[in-house]
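Let me begin by presenting the structure, written as structure tokens, before commenting on it.
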Amino acid sequence: VLPIADGTRRGYWIVNAYQDTNGILAFVHVEYPRNPTPTTYDTGKTRIGLAWSTDNGDHFTYLGDIISPYTDPATSNVQGSPYLIKDGYFYTYFNDDVCSPWESGNAVARAPVSDVIAAARQGQVTPWKKYHNGGWESAGLGGNCSTIGAQGVTHSDAAFSTYTGKYYMITSRMNWGGQDTWIKLYESSDALNWTFKRAIVQESAAAVQKGYQYSSIVNTDGADNGVVGKTFYVYSEKDADSNVAVFFRWLVDLDGPGDSASTVPPKTVYSLANDYSGVQGANQWSYLYRTGAVDLPMNWG
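Per the numbering used here, residue 2 is the first one in the sequence shown, and the count goes up by one each step.
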């Protein structure tokens with residue numbers, strides 16, 4: 002969390018990363034708290050931005066903002082950002098209070114991969130364009146957008162399947178307002194129009210605190226940059242504000258039964274208590290976590 006000129010703070014966190022031969026491009030969720038006090042937190046002017054690393058992810062330089070809401074400030078987060086690569090473009094997905102509320106569906110912006118990487122190597126960002134009314138002329142920073150489906154929060158991930166030739170995106174919901182918490186899988190043939198594929202997990206709000214958030218797709222064979230086959234893993238945190246690091250893994254088979262919460266795939270549970278024993282570097286994991294109000298530092302074991 003970094004201070005900015007008006008005395009408020011920017012909060013940055015990496016949602017996704019693209020491995021280029023010249024470095025790592027990170028897609029970053031940015032929040033501008035206007036009232037950064039222990040008892041008052043106002044989301045304020047949220048953004049999606051990019052960062053760049055040339056030392057295998059040990060350090061990142063923030064390059065700049067690429068997406069901001071149609072109305073600024075928004076009343077809630079411009080969440081994001083899963084990304085895909087299609088026809089030489091990065092596509093990244095987000096929610097906007099006005100043109101794509103997360104309860105209704107996502108929006109998307111794009112920019113040429115070659116332009117984005119060339120700018121990143123120079124410490125800069127290139128303009129992105131939002132999809133709006135069938136075209137790509139709307140500015141990434143402040144432009145209008147169109148809803149394209151895939152309801153849910155987009156602090157998540159997306160991938161292309163070589164098995165089906167289609168695109169997949171996961172979204173999530175915590176138990177806000179007493180509703181179920183879930184992670185859902187959506188499918189698309191063109192990376193624009195998304196339809197529900199199946200529930201990864203769904204639980205009653207009465208049975209959980211807060212729920213699932215920050216979900217990722219991981220290939221079962223180790224391939225990079227959002228390309229999967231017939232099967233892949235979904236990882237997610239649960240109870241995101243708790244003081245114990247707990248996350249879950251599901252094995253998703255694109256040929257498996259689906260389309261309802263009753264056919265969700267089996268899950269594996271990982272937690273700080275039963276997997277890490279509180280030791281950095283245990284089981285080849287190093288991590289940052291919180292105890293009380295203190296963020297514990299990450300090291301490499």
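Ideal Cβ placement from N, Cα and C applies to all residues, glycine included.
Member of the options whose CA lies at the smallest distance from the CA of residue i
i, options, result
"Lys231", "Tyr168, Ala200, Ser237", "Tyr168"
"Gly212", "Leu186, Asp181, Asp66", "Asp181"
"Gly153", "Asp191, Ala110, Gln214", "Gln214"
"Met170", "Lys239, Gly223, Ile201", "Ile201"
"Ile149", "Phe91, Asp191, Gln123, Arg11", "Asp191"
"Leu64", "Gly58, Val114, Ala120, Glu104", "Ala120"
"Ala18", "Gly257, Gly179, Lys185, Ala160", "Ala160"
"Asp256", "Tyr71, Arg199, Ser115", "Arg199"
"Arg174", "Gly12, Glu104, Asn145, Gly24", "Glu104"
"Lys382", "Gln203, Asp225, Ser139, Asp240", "Since the displayed the chain opens at 2 and closes at 302, residue 382 lies outside it and no answer follows."
"Gly124", "Trp251, Gly24, Phe233, His133", "Gly24"
"Val253", "Val247, Asn226, Val219, Thr93", "Val219"
"Phe95", "Pro74, Gly89, Val79", "Val79"
"Ile67", "Trp251, Lys239, Gly141", "Gly141"
"Pro70", "Thr47, Lys87, Phe91, Tyr92", "Thr47"
"Ile184", "Tyr234, Ser101, Arg11, Thr221", "Tyr234"
"Thr93", "Pro74, Asp225, Leu193, Asp240", "Leu193"
"Arg122", "Thr62, Gly135, Phe249", "Thr62"
Burial state of residue i (16 or more Cβ within 10 Å)
i, result
"Trp177", "exposed"
"Pro83", "buried"
"Thr155", "buried"
"Ser216", "buried"
"Val99", "exposed"
"Trp195", "buried"
"Pro128", "exposed"
"Asp158", "buried"
"Ala327", "This structure gives no information on residue 327, because the portion of the chain shown stretches from 2 to 302."
"His60", "exposed"
"Met205", "According to the sequence provided, residue 205 is Ser. The question's Met does not apply to it. Its Cβ having fewer than 16 others within 10 Å, Ser205 is exposed."
"Glu188", "buried"
"Trp14", "exposed"
"Ser263", "Caution is warranted here: a pLDDT of 47 is assigned to Ser263, below 50, making its placement in the model unreliable, and no coordinate value can be reported."
"Gly50", "buried"
"Ser237", "buried"
"Glu138", "exposed"
"Gly179", "exposed"
"Ser115", "exposed"
"Gly143", "exposed"
"Asp56", "exposed"
"Asp303", "For the chain, the structure presents residues 2 to 302; residue 303 sits outside this window and is missing."
"Thr172", "buried"
"Gly227", "buried"
Helix, strand or coil at residue i according to DSSP, with G and I counted as helix
i, result
"Asn275", "Low per-residue confidence applies at Asn275: pLDDT is 45, beneath 50, and the placement is therefore not dependable, though the value from the model is reported in the following sentence. Residue state, collapsed to three classes: helix."
"Ile149", "coil"
"Trp251", "strand"
"Trp103", "coil"
"Trp53", "strand"
"Gly178", "helix"
"Ala27", "strand"
"Ala200", "strand"
"Ala75", "coil"
"Ala108", "strand"
"Ala18", "strand"
"Asp260", "Because the pLDDT at Asp260 is just 47, under 50, the model does not fix this residue reliably, and the value given afterwards should be weighed accordingly. If DSSP states are grouped into helix, strand and coil, Asp260 belongs with coil."
"Gly12", "strand"
"Leu3", "At Leu3 the pLDDT is 49, less than 50, meaning the model places this residue with poor confidence and gives no usable figure here."
Start and end residues, alpha helix (DSSP H) containing residue i
i, result
"Ser115", "114-122"
Residue i, enclosing beta strand (DSSP E) - first and last residue
i, result
"Asp158", "154-162"
"Phe61", "Phe61 -> no beta strand (DSSP E), and no H or E assigned at all."
"Ala140", "136-140"
"Leu85", "84-87"
"Thr346", "Since the first residue shown for the chain is 2 and the last is 302, residue 346 is missing from the structure and cannot be characterised."
"Val235", "232-239"
"Gln303", "Any question about residue 303 goes unanswered here, given that the chain covers just 2 to 302."
"Lys131", "130-133"
"Thr93", "90-95"
CB contact below 8 Å: residue i versus chain B
i, result
"Thr196", "Reference to chain B is not applicable here, since this structure consists of a single protein chain."
Any chance the segment 12-31 sits against the segment 70-90, with 3 or more Cβ pairs inside 8 Å?
yes
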